[in-house]
Amino acid sequence: MKDELRNGLKQTRLRLRLSQQDLASMAGVSRQTIGGVESGQTSLSTTVALRLAKALGCRVEDLFWLDQEAAQVEAMPTQAMAVGEALRVSLAKIGGQWVAHPLVGADAFRVDLIPADGEAMRHSNQETVAVTLLDDPVNLLNTVAVAGCSPAMSLWARAAERWHPGLRVHLTFANSMVALDRLMRGEVHIAGVHLYCPHTKTFNVPFVQQALQGQTAVLINLGIWQEGMLVAPGNPKAIQTVADLARPDVTLINREPGSGSRHLLEQVLSAAAIAPQSVVGFDHVVHSHHDVADAILAGEADVGMSAASVAEMFKLEFLPLRRSHYDLVTLQAYLDDPPVQHLLGTLGHRRVISQLERLGGYDTHLTGEVVATVEPTRPLGGLQSDRPS
Numbered sequence: 001m002k003d004e005l006r007n008g009l010k011q012t013r014l015r016l017r018l019s020q021q022d023l024a025s026m027a028g029v030s031r032q033t034i035g036g037v038e039s040g041q042t043s044l045s046t047t048v049a050l051r052l053a054k055a056l057g058c059r060v061e062d063l064f065w066l067d068q069e070a071a072q073v074e075a076m077p078t079q080a081m082a083v084g085e086a087l088r089v090s091l092a093k094i095g096g097q098w099v100a101h102p103l104v105g106a107d108a109f110r111v112d113l114i115p116a117d118g119e120a121m122r123h124s125n126q127e128t129v130a131v132t133l134l135d136d137p138v139n140l141l142n143t144v145a146v147a148g149c150s151p152a153m154s155l156w157a158r159a160a161e162r163w164h165p166g167l168r169v170h171l172t173f174a175n176s177m178v179a180l181d182r183l184m185r186g187e188v189h190i191a192g193v194h195l196y197c198p199h200t201k202t203f204n205v206p207f208v209q210q211a212l213q214g215q216t217a218v219l220i221n222l223g224i225w226q227e228g229m230l231v232a233p234g235n236p237k238a239i240q241t242v243a244d245l246a247r248p249d250v251t252l253i254n255r256e257p258g259s260g261s262r263h264l265l266e267q268v269l270s271a272a273a274i275a276p277q278s279v280v281g282f283d284h285v286v287h288s289h290h291d292v293a294d295a296i297l298a299g300e301a302d303v304g305m306s307a308a309s310v311a312e313m314f315k316l317e318f319l320p321l322r323r324s325h326y327d328l329v330t331l332q333a334y335l336d337d338p339p340v341q342h343l344l345g346t347l348g349h350r351r352v353i354s355q356l357e358r359l360g361g362y363d364t365h366l367t368g369e370v371v372a373t374v375e376p377t378r379p380l381g382g383l384q385s386d387r388p389s
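Anchor point for the sequence shown: position 292 equals 292 in my numbering, and the numbering is continuous, going up by one each time.
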């Protein structure tokens, strides 16, 4: 890569309120030399560099540095990456291939704005993108890409980064089915899922079997959480059971197809013989647990499906419906990657366990345990009708 000498001489001089002549006199050089160095027109000798640093009371490397042309890597864009637009991206190496995650909209934030690893533009006639790096590629190799919807995943990721300072967790929101699809497309290392199959009376495994594409997956439990209905403080509509969702004075806030909460709603409505379209607000869809809680707090809805931990965080009332396994799905091949090992290894840490328990609504007796290893098989009979659409 080509190196170019850069300097911050002018900025340092002005910060100290020195004129070019003042600095020239202090360093024993001509004013023209100062002007030439600041503009990049004068070749810099070691002697002049040392004199300037001594005069300003700093190190030579504080004033002068080599600016390398930005390196590039070839990466696979995620399916969500738009075509024909230069975008900030985050990079993760997955299965030996760089994957570029666009930092757009909500995916560009944790609480604050996420620094980009590079910039790229996707073209319609190319399978890969050239990413112009904004960081040393060595710093990016320790990244684990994770997709899921549980608030506990963010808590776990931040705690893991604290205990492994070199570890980076790129966490993006995705409902259970979308997270699984992203895992199978090679866009993430880990997918968080909470889906119940009434035919097998099991969580997650049948859906992972259906999604597998000739690969073996491992399910590791994050926690068993209580899912149910969120209602406003004091439960002003006196909602008690699923049957109350059919009342004309009760307005629902719904989740998108593919989410575990939407899946739960459709199953309990079916069991209660309630037609989904008879529920006021069934077509009013938001895309996160946070959005469901916000809608109820704002008085836009009376009830929504979510988890006890979300109710606790937003100080809403909670009506439990079932205990669901929230599992982390990864491909067996990824378990050999040191960053993935570091991240998953923190699940058994007492500090992670205590953080999950203090969220409320989490049973942690299985947290960190491998609950299933799933080989690719033909889809189970009858499952297709239960996959959200």
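From the three backbone atoms N, C-alpha and C, an ideal C-beta is built for every residue, glycine too. None of these values were measured; they are calculated from a predicted model.
When G360, Q267, R322 and L222 are compared, the shortest CA-CA separation from V370 is found for L222. Along the segment 118-155, the beta strand (DSSP E) occurs as fully enclosed runs of 3 or more residues at 118-121, 129-133 and 143-148, listed in sequence order. Apart from the 5 residues on each side of it in sequence, A86 sits with its Cβ closer than 8 Å to the Cβ of E119, A120 and M121 in its chain, given in chain order. Taking A272 as reference, the option from D244, T46 and N204 with the minimal CA-CA separation is D244.
Across the structure, S19 and V37 are spaced so that their CA atoms are roughly 14 Å apart. For the set L44, V329, S30 and H365, the Cα lying nearest the Cα of M153 is the one of V329. About 19 Å separates the Cβ atoms of E256 and L321, ruling out a contact at the 8 Å cut-off. Just so you know, the alpha carbons of A49 and L16 end up roughly 18 Å apart. Residue pairing by DSSP places Y196 opposite F203 in a beta bridge. The alpha carbon of A179 has as its nearest neighbour, out of T42, S39, Q79 and T143, the alpha carbon of Q79. Taking the Cβ atoms as the reference, I190 lies roughly 10 Å from D327, outside the contact range of under 8 Å.
Per DSSP, R350 is not a residue of any beta strand (DSSP E); the alpha helix (DSSP H) it occupies stretches across R350 to L359.
If you draw a 10 Å sphere on the C-beta of P339, you find 16 or more other C-beta atoms in it, and that means buried. Contact check for I253 and A301: beta-carbon distance about 4 Å, within the 8 Å limit, so the pair qualifies. Rounded to whole angstroms, the Cβ separation of V99 and M81 is 10 Å, and the two are not in contact under 8 Å. If one requires a minimum length of 4 residues, the alpha helix (DSSP H) runs lying completely within the segment 256-327 are 260-271, 289-297 and 308-314, in chain order.
When beta bridges are read from the DSSP output, V231 appears opposite V303 and E317.
For M76, the enclosing beta strand (DSSP E) starts and ends at Q72 to P77. D62 is classed as exposed because its beta carbon has fewer than 16 other beta carbons within 10 Å across all chains shown. Straight-line spacing of the CA atoms in L183 and T172 works out to 12 Å. If you look at I34, you'll find it in the alpha helix (DSSP H) that goes R31 to S39.
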